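In terms of the working numbering, the sequence shown is numbered consecutively and its last residue is 676. Written below as structure tokens is the structure these notes are about.
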Amino acid sequence: MKDKKVLILFFVLLLFSYSCEQERITYYENKNNTEESIYQILKKDGRFTYYIKALDLTEFAALLDNTGSFTAFPPTDDAFTAYLSERSKSFESLSKEELREIVAYSFTDFALPSQYLTTKSEWGFWSRENNAFRKKTRYSVPVYDEDVYKVISEPKYLLLFTNDYFSAVGGSGKEAETYNYFYPNTAWNKNSLGVNVVNANVVEADIPAKNGFIYIVDKVLTPPANIAEIISEKPQYNEFGGLFQKFKEFVFSQSETERRNSSVDLYFKKLTGSMPRELNTPVAELEVDINEENVRGSYTMQAPTYSSHTIFVPSNAALAAHLNKYTGEPSRPALRHLLNGHLIKELIQYPYHLKADKGPYKYLFDGGKVTGGELASNGAIYYVNEVVESNVFKGVAGPIFFNNNYSTLMYALEKSNQTLQLSDGTSIFHLLVLDNAYFEAEKITYEPSLDVFYKDGKVWSDVDGPKATSKDKVAEFVNQLIVKGALKGGFGKASTGEYFYFDDANKKIISDNQTIDYTESYTSADGTGKGFYIDKIFAPQQQYDAFFNESYKKFRNLLNLANILLYEDYTVFVLPDSEINYDTPPFDMIGADGKLKGENAVQRLLEVVNQYIVPDPLFTKDADAHKTHNTKNELAPIQFQETQIIDKNGNAITITKPDITKSGVIIHEINSLINN
Numbered sequence: 001m002k003d004k005k006v007l008i009l010f011f012v013l014l015l016f017s018y019s020c021e022q023e024r025i026t027y028y029e030n031k032n033n034t035e036e037s038i039y040q041i042l043k044k045d046g047r048f049t050y051y052i053k054a055l056d057l058t059e060f061a062a063l064l065d066n067t068g069s070f071t072a073f074p075p076t077d078d079a080f081t082a083y084l085s086e087r088s089k090s091f092e093s094l095s096k097e098e099l100r101e102i103v104a105y106s107f108t109d110f111a112l113p114s115q116y117l118t119t120k121s122e123w124g125f126w127s128r129e130n131n132a133f134r135k136k137t138r139y140s141v142p143v144y145d146e147d148v149y150k151v152i153s154e155p156k157y158l159l160l161f162t163n164d165y166f167s168a169v170g171g172s173g174k175e176a177e178t179y180n181y182f183y184p185n186t187a188w189n190k191n192s193l194g195v196n197v198v199n200a201n202v203v204e205a206d207i208p209a210k211n212g213f214i215y216i217v218d219k220v221l222t223p224p225a226n227i228a229e230i231i232s233e234k235p236q237y238n239e240f241g242g243l244f245q246k247f248k249e250f251v252f253s254q255s256e257t258e259r260r261n262s263s264v265d266l267y268f269k270k271l272t273g274s275m276p277r278e279l280n281t282p283v284a285e286l287e288v289d290i291n292e293e294n295v296r297g298s299y300t301m302q303a304p305t306y307s308s309h310t311i312f313v314p315s316n317a318a319l320a321a322h323l324n325k326y327t328g329e330p331s332r333p334a335l336r337h338l339l340n341g342h343l344i345k346e347l348i349q350y351p352y353h354l355k356a357d358k359g360p361y362k363y364l365f366d367g368g369k370v371t372g373g374e375l376a377s378n379g380a381i382y383y384v385n386e387v388v389e390s391n392v393f394k395g396v397a398g399p400i401f402f403n404n405n406y407s408t409l410m411y412a413l414e415k416s417n418q419t420l421q422l423s424d425g426t427s428i429f430h431l432l433v434l435d436n437a438y439f440e441a442e443k444i445t446y447e448p449s450l451d452v453f454y455k456d457g458k459v460w461s462d463v464d465g466p467k468a469t470s471k472d473k474v475a476e477f478v479n480q481l482i483v484k485g486a487l488k489g490g491f492g493k494a495s496t497g498e499y500f501y502f503d504d505a506n507k508k509i510i511s512d513n514q515t516i517d518y519t520e521s522y523t524s525a526d527g528t529g530k531g532f533y534i535d536k537i538f539a540p541q542q543q544y545d546a547f548f549n550e551s552y553k554k555f556r557n558l559l560n561l562a563n564i565l566l567y568e569d570y571t572v573f574v575l576p577d578s579e580i581n582y583d584t585p586p587f588d589m590i591g592a593d594g595k596l597k598g599e600n601a602v603q604r605l606l607e608v609v610n611q612y613i614v615p616d617p618l619f620t621k622d623a624d625a626h627k628t629h630n631t632k633n634e635l636a637p638i639q640f641q642e643t644q645i646i647d648k649n650g651n652a653i654t655i656t657k658p659d660i661t662k663s664g665v666i667i668h669e670i671n672s673l674i675n676n
């Protein structure tokens, strides 16, 4: 039976392999049985004399005249003449580098008939999104940094626009409108082919050659600049682009050096943004890198082929107005959130998509505020005359990003991944804010270059040695400063489980009989949170069981005998020892020695003790809580009021010590038995 299954599997794989091979043969078949190359066809045609000269003067003539798999987009002589006229040049005056740029950018690897232009990636893989509109060319330019180390730049990409592509990005019926927004001087190709390449029309398509396909275009294609290059040349917008340079890093890549088999030159790979391949640096970086041609990210495996970014660039004046809000130089995290908030890590967002929430920054861009736009080789640029601050700056943590006196707390929020959570724009948060002086007094420091917190000169961790990391300890610390959700009668629960009472009238925060004064408070710009400036934190709260053992020993014994555990957000009405008499109803199932006696003792005790427990948080100062509540004994509800509770028989029982909080459990001392 097993051998039979193996045999069946073998034939299935064989059939699949044959099917793939047939597809490959069909895909690359020489449709007119021509033995001529791309070079030979263009030379014989007679309309491409300039292009042929350019091929002959560069290293590409032999390439396009040989065996291979290419897709070429050659310009006609008319297109070349127009190109030269616009630049007041003759063909002879073009340098070899200019010719190389024109030729290298005019063809891509892989033979792509029109039906595969936007459904095949640069490597020939299927792109299920049907929007693989970027095709890698042979053109690239070496880049040099300040120290003149050679950097291998990535090839420029051709931008292909087809009906299928616009359909994939939600632009059906808006093809001309969208294309002309970026290329107003080129008509959208409305013929049956429906293909434009950068700013040129395809006038003839699917011309087969033995080494690929030819698409004739009506303009000389020139490599577009990338986002970083374009912004740097805009006098009114270049300062925003300059902020990105603070995050640009050049690091040595052994793999790049070895891959190019270089024993003489040290090649360097430009690794910027948050996706360095060879070195996983600990410094938190940008969501995207506007310098990269080869767009990296979490799109899919074909990310470099069809992905690109959208960036909103504020004017220099608008940026200056924003930066004036900071006390001193903006911190690296502040700049990162500022830049990331202006980036959309998706496919190009066209004008009709602009009014939408995008990404973790919940950034609502209004297309009506865009003053202009253009396409770069790696994305779309929209110019705006204001810095629309993202939710990071509008949330409850926003003010600490503008004030360097709170930079250590800001780094702690970043380290514990709390910043975006505190800024989601919908949840309510209360944040206790500590300045740098507190951390200095506690000998807590942060080293940005290592992204590590230190306490008393050692890594702030419960673990010693090389595996020590400060992340967990920092998260534990930060959680005691954050209260999520609306307050109930002034009470709110910290992320660590403790309850705080906010006494706004006296500017005090109270927890477990501890009191902290706050100097000032503020409401977040988005109205969802409130911050409180404090100079110390609460000591760890006493656990409820230790508290009972100390002050309510008999009630603690009742819980133990009934095997009752209390959980966070439970409310307990506790009796002092003087009100609990063993061997007497309702506690007659317990002997004078404090131990259970008689039949069904545990069940009888459970029914009694559960009358004192409500599985909800109840505070006397919370008016919404002043109503009838079911206890854990569903047959014994109680009515909760500000100073008393009333059992189902109408007996009023005074609350003598209200709102005691111990490790998330709310405790009210009462002065007499509940008689349900």
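Where a beta carbon is used, it is the ideal one built from N, C-alpha and C, also for glycine. Treat the numbers as computed from the prediction; the structure is a model and nothing was measured.
For Val665, the number of other beta carbons within 10 angstroms of its own is at least 16, and it is reported as buried. Around the beta carbon of Arg87, fewer than 16 other beta carbons sit within 10 angstroms, so the residue counts as exposed.
In this model, Phe548 and Lys345 are separated by some 54 angstroms (Cα to Cα). Three or more beta-carbon pairs separated by less than 8 angstroms link the stretch 665 to 676 to the stretch 567 to 575, which places the two stretches in contact. Distance between Ile207 and Glu293, taken at the CA atoms: about 29 angstroms. Spatial neighbours of Val433 in its own chain (CB-CB distance under 7 angstroms, excluding positions within 5 residues in sequence) are listed in chain order as Ile400, Tyr406, Leu409, Gly531, Phe532, Tyr533, Ile534. Contact annotation: Phe500 and Ala494 have beta-carbon atoms nearer than 8 angstroms. Per DSSP, reduced to three states, the secondary structure at Glu239 is helical. Under a 10 Å Cβ-count criterion, Tyr567 is classified as exposed, with fewer than 16 other Cβ atoms of the shown protein chains found around its own Cβ. Taking the Cα positions, Thr519 is about 11 angstroms away from Asp504. The alpha-carbon of Phe70 is positioned some 17 angstroms away from that of Ala54. For Phe240 against Pro351, the beta-carbon gap comes to about 20 angstroms, at or over 8 angstroms, which does not count as contact. Here the alpha carbons of Gln603 and Ile674 stand approximately 18 angstroms from one another. Rounded to whole angstroms, the gap between the alpha carbons of Arg100 and Gly373 is 29 angstroms. For Glu204, the enclosing beta strand (DSSP E) begins and ends at 200 to 209.
Positions of the beta strand (DSSP E) runs, each at least 3 residues long and wholly inside the stretch 628 to 652, are given as 638 to 640, 644 to 646 in order along the chain. Straight across, the Cα-Cα distance linking Phe91 with Asp424 is about 58 angstroms.
Taking a contact as a CB-CB distance under 8 angstroms, the pair Thr371 and Val384 counts as one, their CB atoms being some 7 angstroms apart. DSSP places Lys597 in the coil class of the three-state scheme, outside both helix and strand. Shown here, Ala176 sits in a helix according to DSSP, grouped into three states. In the structure shown, Arg87 falls within a coil segment according to DSSP collapsed to helix, strand and coil.
Residue pairing for Val609: DSSP places it in no beta bridge.
The criterion of a C-beta distance shorter than 8 angstroms is satisfied by Lys156 and Tyr105. When beta bridges are read from the DSSP output, Tyr499 appears opposite Lys493. Note that the stretch 179 to 189 does not touch the stretch 31 to 51; fewer than 3 beta-carbon pairs, one per stretch, sit closer than 8 angstroms.
With contacts defined by Cβ atoms closer than 8 angstroms, Gln644 and Ala652 form a contacting pair. Leaving aside the five residues that flank Pro223 on each side, the residues in its chain whose CB is nearer than 6 angstroms to its CB run, in chain order, Tyr105, Tyr139, Lys156. In the three-state reduction of the DSSP assignment, Ile400 falls in the helix class, which pools H, G and I. Non-local C-beta neighbours of Ile580 in its own chain, meaning closer than 8 angstroms and more than five positions away in sequence, comprise Lys554, Phe555, Leu558, Phe587, ordered along the chain. DSSP, read as helix, strand or coil, puts Thr186 in coil. Nearest to Val396 by C-alpha distance, out of Leu605, Gly527, Phe247, Asn630, is Gly527.
With contacts defined as CB atoms closer than 8 angstroms, Thr49 and Asp77 qualify as a contacting pair. Between Val459 and Ser470, the C-beta spacing is below 8 angstroms. In the structure shown, Phe538 falls within a coil segment according to DSSP collapsed to helix, strand and coil. For Gly212, the beta-bridge partners assigned by DSSP are Phe70, Ala209. For Ala225, the closest alpha carbon among the candidates Leu243, Asn291, Thr419, Ile638 is that of Asn291.
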